[in-house]
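Mapping of the sequence shown onto this note's numbering: residues 16 to 301, in sequence order.
We treat Cβ as the ideally placed atom computed from N, Cα and C, and that holds for glycine.
Please read the structure below before turning to the comments.
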Amino acid sequence: MNDVPVDLVARAQSGDRSALADLVRAIQPQLFALCLRMLWQRQDAEDACQEILVRVVTRLSTFRGESRFSTWLYRVALRHLIDFRRSCAEKAVSTFEAFAEDLHRGAQEPTQELRERPDYNGLLHEVRTGCSLAMLLCLDRPHRAAYVVGEIFEFDHLEAARALGVSAPTFRKRLSRARARVREFTQRSCGLVNAGAACRCARRVAPALALGRIDPAQLQHTTPRAAVRPFEEVEHAIRALQSGERTVALFRAQSLPDPVADFALTLDSILAGLDQSAARLGEETG
16 MNDVPVDLVA RAQSGDRSAL ADLVRAIQPQ LFALCLRMLW QRQDAEDACQ EILVRVVTRL
76 STFRGESRFS TWLYRVALRH LIDFRRSCAE KAVSTFEAFA EDLHRGAQEP TQELRERPDY
136 NGLLHEVRTG CSLAMLLCLD RPHRAAYVVG EIFEFDHLEA ARALGVSAPT FRKRLSRARA
196 RVREFTQRSC GLVNAGAACR CARRVAPALA LGRIDPAQLQ HTTPRAAVRP FEEVEHAIRA
256 LQSGERTVAL FRAQSLPDPV ADFALTLDSI LAGLDQSAAR LGEETG
């Protein structure tokens, strides 16, 4: 969990527009990563992230410094995400059992032609990341939020409980249940975590392309090709860990894309419009 400098928050609260824009740019990537892990679909994550940023900006004055800024930030974000509209992906992925069946359906070894594609490494990562994010959709939102915040982002239990707005014992129970279910699924189904499991990312590339779940021209869950680690390197790093550590490593190894829209630019336009409206009102009443 990355926190932003206290003085930057203070300057933004005091009305410094430049500091506010810097604050937005500092928090937008981590908020987008949270939204993507909670919602899977990139466009939904973009929409939710911008809505959260509006809430953060308009409620910034309510931050009193009684907790870390990141704790307050995630509290605002998670409140919004728990109630955000259900995505098509959430409706399609309902249980771990149904998801496992889908993974095995149509799986096939990649052809030599597919392996020789210049974007093949990116396609492997798209499958790996999309699949691991889809696993999270098998959890209901409260358990998903607990897993993301506690296991992937590594909040300590007190901060996680504050961010989620629940008691520490409630958070620990949710995290324990979510962790057990995700670990059980990956041990049974994921070849990256368990070499004896049937599913392999390479075997899912062709069916994902055929079903239109992957668009090579517009990958949803992968950073630009130049920034993606070789798939074999990620696989080796995960397999080298103790079995109990591999599941969370699968999620922490994700190279998620940055948000497309720079909300700070939109923010400048919004604030400029408000200034103009206030100025016109002053002229009319002066």
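Curious, which full-length alpha helix (DSSP H) runs of at least 4 residues does the stretch 174-235 contain? 183-204 and 216-225
State buried or exposed for D18, treating a residue as buried only when at least 16 other CB atoms are found within 10 Å of its CB. exposed
Alpha carbon of P157 to alpha carbon of C103, nearest angstrom: 18 Å
Excluding the 5 residues preceding and the 5 following L152 in the sequence, name in chain order all residues of the same chain whose CB lies nearer than 7 Å to its CB. W55, A104, E105 and V108
Using three-state DSSP, classify A255 as helix, strand or coil. coil
Can you tell me whether DSSP reads Q56 as helix, strand or coil? coil
Only counting the same chain, and skipping five residues up and downstream in sequence, which positions put a Cβ closer than 7 Å to that of R218? Taken in chain order, the residues that qualify are A122, Q123 and E124.
Are there three or more Cβ pairs, one per stretch, closer than 8 Å when the stretch 189-209 is compared with the stretch 222-239? Result no; under three Cβ-Cβ pairs closer than 8 Å.
Span of the alpha helix (DSSP H) holding F78? Where F78 is concerned, there is no enclosing alpha helix (DSSP H), given that its DSSP letter is neither H nor E.
Beta-carbon separation of E169 and R83 under 8 Å? no
What alpha helix (DSSP H) runs, 4 residues minimum, are completely inside the stretch 79-148? 84-98, 103-107, 111-119 and 127-130
Could you check whether A210 and R254 sit closer than 8 Å to each other, using their CB atoms as the reference points? yes
Kindly indicate which residue of L118, R177 and R57 has the alpha-carbon position closest to the one of R90. R177
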